[in-house]
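Asks: Okay, here's the structure, questions in a sec.
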Amino acid sequence: MSRWLKVMAALFAFALLSAACSSSDDTTTTTAAQTTTSSGTAVVSIEGAGSITATFLPKCTNIAVFPQANSGAEEAAAELGSETAAFVGPADCGDATGQIEFMTNAVTQGVGAIMVSNNAGDELAPSAQAAADAGIPVVSWDSPIPSAEGESVFIAQVDFDETGLVMAEMALDILGAGGGQFAILSATPEAANQNAWIAAMEEALTADDKFASLELVDTVYGNDVAEDSVTQALALVDQYPDLGLIMAPTTVGIVAAAQAMTQEGLCDQIKVSGLGLPDEMREYTESGCAPQFALWSFVDLGYLAYYVAYGIATGQIEAADGVTFEAGRMGQYTITADPTRDAGLRVLMGPFTVYNADNVG
Amino acid sequence: MSDSVDTVLSPSRSARWMKPDRIKELTLVGIITASVLVFSLLIDNYLSGRFFNRITTSVVIVAILAAAQTLVLITRNIDLSVGSIVGVAAYLTGDFLGANNWAGPLIAVLVAMLIGAVLGSFNGVLVAYGRVPAIIVTLGTLALFRTMLSLYAGGQNITADSLPDWVLDLNRVTVVSIGGLDLRLVFLIAILVFVVLQWALARLRSGRRLYAIGSNPEAAKQAGLPEQRLVFWAFVGSGALAGLAGFMFLARIGTISATAGAGLELESVAAAVVGGVSIFGGSGTMVGALLGATLIETLELSLVRVPQVSEFWRDALLGILILAGVLLDFTLHKRLGRRLTAAARTDAGGSPPTTIGARRRAGKGSSDA
Amino acid sequence: MRDWAARHRWETVLGGILLATIVVNATLSPFFLGFGNFINLFWLSIEKIIVVVAMTFVIINGEIDLSVASVMGFSAAVMASAFAGGDIPFAVAIVLGLLAGAAAGLAQGFLIARVGLPSLVVTLAGLIGFRGAARVLLEDRSVGDFPEWFDRLGQQPLIGSIPLALIIFFSLLAVAWIILERGTFGRKVYVIGNSADVARYSGVGVSSVKLRIFVASGLAAGLAGVLFAARLGSVRGSLGEFFELDIITMVLLGGVSIFGGSGSMLGVALAMFTVLSIRNGLGLANVDGIIQTGVVGLLLIGSVLVPNLLEGIQSRRPAPEP
């Protein structure tokens, strides 16, 4: 036994040694000459300045919105003459901590930038900070890192506080002036964006008297997994016989809730609303089950996220309050302090689109 | 010849009327009834037609999977890939229906079951002929089938939009309505499946042989039973049933992603075990599996409505329930079963291997082995 | 040497597979052969492999423990809620978490060793039950804000570039190897795995061995849970969900027979390294997570199938199904 083992051990040690000798801290970013933007009124147009490697890390690769965002990022990369970012992520949307591994690997690969839609709450902060320490800008989009640790800037698709208001308005619209009971069907309990929207909605409900007739009875989590969401939607129905509306601020949840209500024949009694994709919701809007829902363009979001990440990685812009830049076809944006979080910077993208039977087709 | 072989092979019988299987099943019915009564006291409007309909439609998928698992468990194997098979069948069937809107329910079911059967045969070949232990094969195919589906799906989901209307409405179709209680089509299909399987296992020779293989593979082989062929077909059957469950899944959820069905395998094992199917093979009935699934589903759906019990207690209580079910089964076996000292068993903890299961044909005498 | 290789065929083959994996990964990605990456390779899955060490004992003993991932979450939940609940010093909370894991193992071990229930079912109930218990404790909240020293131990290297968790793991591995293959306890484990009845008739205290193994398994899961909490910086009820499949895969790939009675710690160590290398290497090459899992699944099946086929080809009767 001993001789064979010694040989294996020697080979093993050799592998280790050669590994240790090869530098492990090379960053392969092709950084253009650092040009600091003049803080103030100068607008920097982000242009092509060489190719960078990047990682595009969604919550999971299964939900339709994320490949959409990725196509926006690919469009941006092509315009800037950069190589396409690697589209990687956990397969399972319920796997909240799966992104940590991808984040860590990205650091090992020494990519130029990381763009992440955070599914892991503050659990992602340590690995994001490690990336930042290694000089890699971490740009979050769709869902930020709540504590902003390790994050350069957050690309907010809409104002998160406004999201709460839009949802409240839709709820009022659907339930009518008489109001009624409604429940929220969310994604994973850790998801930073959903949690922020729900908090904003709860605040909007108490802030304005016109929402006084609306009663939020429960918030449940479907983990962005279809069958869990259906089960939760049905459980809500069982628990609250007077329920009038299920508000699902997640494209998976809203479809699941609509399907569940359709199946049970409850669409007259219980409506469904929230954030959904027209392609997936068309059926239910036309049938009246989901008369209204809202969303924004994920393609645009990915596009903008890539531009910003590229701009920071190539040194064309700095992640700082007040920096104004132009991002290709999307136009001009300014980085500001994020008013919806305690810390962190944000770029506010664009408008909601509210869909109903008229424009969903 | 094979008749007497089957006679000899059949493990020890117990007194005719006190068959442990019947007792297990009756106990389960008793527990279900008791739970329903308790819940009706705790919850307002519990005993309603609507709730009956809820339970019957909810239980369908897990029940069919429990049947699939039972088929395999009886032969002393396990099928951990059923969840992935459900996902593949649901997705591919949805894809098929999306491209072929003309196809009706019968064709869809056949497509789904065929897909499941093909996947099941892959398992069957590896277990029966490749001699790879079932837990290893199905752990591997759990991953493999999921990977293949993911590659095929390429990030796209099946959307409800693309499916013909009848699919999404399937769960609502009612065959007959008694008072407020609807007997829904999907529920009746599940019942039909169980009736057929229960009959097949009890009456068909191959059915009884499955039990024989599970309770004593050595003896079965020495007596000339086509063990490999039977195990192979058990897995094909399990796959086909999982395919059917996949179709039901498609009808229930509508939007299918590549991760659909993940986790269902554990639920199917839990349902079978609560239903009295032995993990060591050789005993358990389809009826038991159905009752096990029903009990679990009833408890899960009912607990949600008990205001005193927070939703977070559901899983904890489910775990306790499974334990209780197994303890009950275990005690029953100790009291009523006969012990076969089988040195060939690599048994855990030396618990007496019980081999009650196969039925006798009426009139064959009832001397105990 | 050839003699050793012949007696340890599985380990030799695994060693070959591991070498092949390293070579393929190095070709796929220039970042694979870095010392930092080597650390990451283990660190990102450190909780799983700590449990694998304990699971090896369980399976060699002829049992199985499906509840490990849930006990992990449960222990972390106990620690976190004890800490969040009141004025308990954090070190005490950690001890409570570890005790919770051991207690879970004890409870299940009792039902398996003394009452005689099948381990697959008891630990299946445990898988569901302890996950539920973790949810009862934490509901949907996340508990964090642990003392800075705890976060640092979990997230920063301790000695050189090596984090505490890795030191714990490798020490555990060495100790486990000694106990399993060099001690009397280990011999008993094998004997019982081969045939519990024979062991009993030979005077081996079967139920006490089983009980101890399950307590150890629970304790290992508890330790993994605590370390995971340190690495994440916070705890949720879903901590460690679905880890059990990977864990069992690594043990089975390591050549431990699911029927008990055979296998070696070396084999399991090689299997761990192989699976982690595959995941890490493919991850660095930006290969999708699902494909990684598929590769591991293929490897698992192949590792048993191929030798079987070879045996069949050599016209030896395949081992009868027990």
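Residue numbers (the numbering used here), protein chains in the order written: chain R, 1 to 361; chain L, 362 to 730; chain B, 731 to 1052.
Note that the Cβ used here is the ideal one computed from N, Cα and C, for glycine as well.
Is B/Ala-830 near the ligand PLP, in the sense that its beta carbon is under 7 Å from a heavy atom of that ligand?
Replies: The ligand PLP is absent from the structure shown, which contains no ligands of any kind.
Asks: Could you confirm whether any beta carbon from chain B is found closer than 8 Å to the beta carbon of L/Trp-594?
Replies: So, not an interface residue.
Asks: For R/Val-44, would you say it is in contact with chain L, using Cβ-to-Cβ distances shorter than 8 Å as the test?
Replies: So, not an interface residue.
Asks: Residues in its own chain within less than 7 Å of B/Ala-1001 by CB, not counting five upstream and five downstream?
Replies: Taken in chain order, the residues that qualify are Leu-744, Met-980, Leu-983, Gly-984.
Asks: Nearest-angstrom Cα distance between R/Thr-31 and B/Phe-876?
Replies: Residue placement at R/Thr-31 is flagged as unreliable, the pLDDT there being 38, under the threshold of 50; the coordinate-derived value follows with that caveat. Roughly 38 Å between the two C-alpha positions.
Asks: Express the C-alpha separation of B/Val-965 and B/Ile-780 in angstroms, rounding to a whole number.
Replies: Each residue's alpha carbon lies about 19 Å from the other.
Asks: Does any residue of chain B bring its CB to less than 8 Å from the CB of R/Gln-239?
Replies: For R/Gln-239, the answer is no, since every Cβ of chain B falls outside 8 Å of its Cβ.
Asks: Identify whether B/Gln-886 lies in helix, strand or coil by the three-state DSSP scheme.
Replies: DSSP places B/Gln-886 in coil when its eight states are reduced to three.
Asks: I need the DSSP call for R/Asp-122, collapsed to helix, strand or coil.
Replies: Correct three-state label for R/Asp-122: helix.
Asks: Looking at the strands, I want to know which residues DSSP matches up with L/Asp-543.
Replies: Answer is L/Ser-538, bridged to L/Asp-543.
Asks: Using a cut-off of 8 Å between C-beta atoms, extract the partners of L/Ile-614 located in chain R.
Replies: The answer, in chain order, is Ala-226, Glu-227, Val-230, Ala-256, Gln-259.
Asks: Please report whether the beta-carbon of R/Gln-194 lies at a distance below 8 Å from any beta-carbon of chain L.
Replies: By this cut-off, R/Gln-194 is not an interface position.
Asks: Indicate whether B/Phe-772 and R/Gln-109 have their beta-carbon atoms separated by less than 8 Å.
Replies: Not closer than 8 Å, so no.
Asks: Between which two residues does the beta strand (DSSP E) containing L/Ile-439 stretch?
Replies: Per DSSP, L/Ile-439 belongs to no beta strand (DSSP E) and is neither H nor E.
Asks: Assuming B/Ile-858 contacts L/Leu-679 under a Cβ cut-off of 8 Å, what Cβ separation, rounded to an integer in Å, is found between them?
Replies: Right, their Cβ atoms sit about 5 Å apart.
Asks: Distance cutoff 8 Å, beta carbons only. Does R/Pro-126 sit that close to anything in chain B?
Replies: Answer yes: the Cβ-Cβ gap between R/Pro-126 and chain B drops below 8 Å somewhere.
Asks: Can you tell me whether L/Trp-463 is buried or exposed? The criterion is at least 16 other CB atoms within 10 Å of its CB, across all chains shown.
Replies: Burial call: exposed.
Asks: Name, please, each residue of chain R whose Cβ falls closer than 7 Å to the Cβ of L/Leu-480.
Replies: Correct list: empty, because the minimum Cβ distance to chain R is about 19 Å.
Asks: Which residues in chain L sit within 9 Å of R/Thr-61, going by Cβ to Cβ distance?
Replies: Ordered by position in chain L, the residues that pass the 9 Å Cβ test against R/Thr-61 are Ser-511, Gly-516, Ala-619.
Asks: Pair every Cβ in the region 841-854 of chain B with every Cβ in the region 933-940 of chain B, then say whether three or more of these pairs are closer than 8 Å.
Replies: Verdict: yes, contact present.
Asks: Please report the distance separating the alpha-carbon of R/Ala-286 from that of R/Pro-249.
Replies: A small correction: the amino acid at residue 286 of chain R is Glu; Ala does not occupy that position in the sequence shown. Distance between the alpha carbons of R/Glu-286 and R/Pro-249 is about 20 Å.
Asks: Can you tell me which of R/Glu-79, R/Ala-69, R/Ile-114, R/Thr-219 puts its alpha carbon nearest to the alpha carbon of R/Glu-47?
Replies: Of R/Glu-79, R/Ala-69, R/Ile-114, R/Thr-219, the residue nearest in Cα terms is R/Glu-79.
Asks: Looking at the secondary structure, which residues open and close the beta strand (DSSP E) in which R/Asp-218 lies?
Replies: Segment 214-221, the beta strand (DSSP E) holding R/Asp-218.
Asks: Do you know offhand how far L/Asp-526's Cα is from R/Gln-263's?
Replies: So the alpha carbons of these two residues sit roughly 11 Å apart.
Asks: Would a check of beta-carbon distances place L/Gly-491 closer than 8 Å to chain B?
Replies: Yes - at least one Cβ of chain B is within 8 Å of the one on L/Gly-491.
Asks: What are the boundary residues of the beta strand (DSSP E) that includes R/Met-115?
Replies: Here the beta strand (DSSP E) through R/Met-115 covers 113-116.
Asks: Kindly list, in the order they appear in chain L, the residues whose Cβ is closer than 9 Å to that of B/Ala-810.
Replies: Chain L residues near B/Ala-810: none, gap ~15 Å exceeds 9 Å.
Asks: Note down, in chain order, every chain L residue with its Cβ under 8 Å from the Cβ of R/Thr-97.
Replies: By Cβ distance, chain L contributes nothing, its closest Cβ being about 16 Å from R/Thr-97, past 8 Å.
Asks: For R/Ser-152, which residues in the same chain have their Cβ closer than 7 Å to its Cβ, ignoring the five residues on either side in sequence?
Replies: So the list reads Pro-137, Val-138, Val-139, Ile-312, Ala-319, once near-sequence residues are dropped.
Asks: Quick one: Cα of B/Ser-992 to Cα of R/Tyr-303, how far?
Replies: Approximately 56 Å, taken between the alpha carbons.
Asks: Between L/Val-665, L/Thr-417, L/Leu-625, which has its C-alpha nearest L/Leu-403's C-alpha?
Replies: That would be L/Val-665, whose Cα lies nearest to the Cα of L/Leu-403.
Asks: Using DSSP bridges, identify the partner residues of R/Ser-273.
Replies: For R/Ser-273, which the question treats as bridged, DSSP gives the partners R/Met-247.
Asks: By the 8 Å beta-carbon criterion, what residues does the region 319-351 of chain R contribute toward chain B?
Replies: For the region 319-351 of chain R, which is checked against every Cβ of chain B, not one residue is closer than 8 Å.
Asks: Should R/Val-88 be flagged as near chain D, meaning a C-beta pair shorter than 8 Å?
Replies: You won't find chain D in this structure, because its protein chains are R, L and B.
Asks: Closer than 8 Å, CB to CB, is R/Tyr-306 near chain B or not?
Replies: Not one chain B Cβ lies under 8 Å of R/Tyr-306.
Asks: Any beta carbon from chain L within less than 8 Å of B/Ile-747's own beta carbon?
Replies: Cβ-Cβ to chain L under 8 Å: no for B/Ile-747.
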